[in-house]
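My numbering runs 316 ahead of the 1-based position in the sequence shown.
Backbone N, C-alpha and C fix where the C-beta goes; we use that ideal spot for every residue, glycine too.
Everything numeric in this text was worked out from a predicted model, so none of it was measured.
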Amino acid sequence: MRAPEEKILIDGPVGKIDVIMERPDAPRGIALIAHPHPMGGGANTNKVAYTLARTFVSLGYAAFRPNFRGVGGTEGVHDEGRGETDDLLAVLADAKCRCGNLPVALAGFSFGAYCQTRVAKHLTETGHPAQRLVLVGTAA
317 MRAPEEKILI
327 DGPVGKIDVI
337 MERPDAPRGI
347 ALIAHPHPMG
357 GGANTNKVAY
367 TLARTFVSLG
377 YAAFRPNFRG
387 VGGTEGVHDE
397 GRGETDDLLA
407 VLADAKCRCG
417 NLPVALAGFS
427 FGAYCQTRVA
437 KHLTETGHPA
447 QRLVLVGTAA
């Protein structure tokens, strides 16, 4: 299954969030993918984040790859994972508005994996746990 890449801007807690969206016609779920550390050059175009997105799209998911604060067109400054978690939750809320209340998969690479553990914790605590969690390059 293929889906075209579309660049969108959504409203986040501290400004606009720059997102690459790949949405098939009838998605079976939402995949939220987080890139590596922005202070080390991480962006939503990172090859691991890209590969995760393509894999989820091939499985029928709509994939959303936001840039973290200060990267690309995303406003704000790096916040050690706290604000980035809030931004990921904002992107997920927007994705649900676009796609419906579908099953959620969280995926992240390195710093993105750390942020996704925070998102997963929040979703579980609020009674809406993610159905899938893919963490690549986690800290030891």
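- Rounded to the nearest angstrom, the gap between the Cα atoms of Pro354 and Ala406 is 18 Å.
- Look at the beta carbons and you see the region 345-352 touching the region 413-426: at least three pairs across the two are nearer than 8 Å.
- Met337 is bridged by DSSP to Glu322, Phe380.
- Under the DSSP assignment, Val330 falls outside any alpha helix (DSSP H); it carries neither an H nor an E label.
- Spatial neighbours of Leu408 in its own chain (CB-CB distance under 6 Å, excluding positions within 5 residues in sequence) are listed in chain order as Leu348.
- Between the alpha carbons of Val373 and Gln432 lies a distance of about 19 Å.
- DSSP, reduced to helix, strand and coil, places Ala350 within a strand of the structure shown.
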